[in-house]
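Going left to right, the sequence shown walks through residues -14 to 217 as our numbering numbers them.
By construction, the Cβ of each residue, glycine as well, lies at the ideal position given by its N, Cα and C atoms.
Input: a single structure, listed below in structure tokens.
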Amino acid sequence: MAKITIIIPTLNEEENIDFLLERIFKVKDSSGLDFDVLFVDSASIDGTSDCIKKWQGQRPVKLLQREVNVGLAPAVIAGAHFVDSEYVLVMDADLSHPPEKIPELLAPLLSEEYDMVIGSRYVDGGATPDWPFSRKLSSKLATLPALCFCSAKDPLAGFFALKRRLITDLSLHVPGFKIGFAILAEYNKKIRIKEIPIQFRDRDFGQSKMGKGVIYDYLRQLAGLMRTRMGF
């Protein structure tokens, strides 16, 4: 059976770890899927790492600790290099991505029909029920320029599964949060992509990482892609 790792980047997610792992392993036990979980912690200053360590030895949970926070994308890339699995699934630790969708994301990969499967807010059946109109509008507007570089309807999604080599073959210097978009832009039509609908929920605990720095990194990512496309 193919080896699978779920990669979860963390930064100060102490309040969410137990809830998340309980749901993940409930899915694992009921689905019969065989996977392990790797947390890549980016210098959390709360009890995130201690919460994770309590699960080690009880369940297939690993922790890769980084001394500085250099962003979500580099954390995911480091995690992909740390494991030797054939497939990886990337998700957030804040419970915005439903673990119950893990089997649905992995099935098209394991059947070798697709190379990347995205948990999408913007295909039929997908939704962001907790968002006010202003946030839905800003998210849609942020998605528009990304569509110039790939065909996915939700290219900025952070919940996706794929062949691990698609991450390890990337540059080590992808900025900011948008690792899924970096993968889509890099391979564009060279890989087979499937999107499945998810209900994206806002976090109940902890503080959102979205801020001006994330927006800046995304704009820098777009600018870099444009320069590459234009041959600069």
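Shortest alpha-carbon distance to residue 50 belongs to which of 58, 59, 39, 34?
For residue 50, the nearest C-alpha among the options comes from 34.
Grab the span of the alpha helix (DSSP H) containing residue 150 for me, first residue to last.
Residue 150 -> alpha helix (DSSP H) spans 150 to 153.
Pull up the distance between the alpha-carbon of residue 68 and that of residue 74, whole angstroms please.
Here the alpha carbons of residue 74 and residue 68 stand approximately 12 Å from one another.
Check whether residue 65 and residue 1 have beta carbons under 7 Å apart
Contact flag unset, no.
Identify the residues that DSSP records as bridge partners of residue 145: which are they?
Residue pairing by DSSP places residue 145 opposite 75, 103 in a beta bridge.
Grouping DSSP H, G and I as helix and E and B as strand, with all else coil, what is residue 217?
The predicted position of residue 217 is uncertain, since its pLDDT is 45 and thus under 50; no value can be drawn from it.
Helix, strand or coil: how does DSSP classify residue 43 here?
Shown here, residue 43 sits in coil according to DSSP, grouped into three states, outside any helix or strand.
What residues are listed by DSSP as bridge partners for residue -11?
For residue -11, which the question treats as bridged, DSSP gives the partners 72.
Taking the straight line between their C-alpha atoms, what separation do you get for residue 113 and residue 173?
Distance between the alpha carbons of residue 113 and residue 173: 26 Å.
Taking 7 Å as the threshold (C-beta atoms), are residue 20 and residue -11 in contact?
Yes; because the gap between Cβ atoms is below 7 Å, this pair is in contact.
So what does DSSP say about residue 207, is it helix, strand or coil?
Residue 207 falls in the helix class under three-state DSSP.
What is the DSSP secondary structure of residue 33, reduced to helix, strand or coil?
Residue 33 falls in the helix class under three-state DSSP.
Quick check: residue 185 and residue 120, are their CB atoms within less than 7 Å of each other?
In this structure, residue 185 lies away from residue 120, with their beta-carbon atoms at least 7 Å apart.
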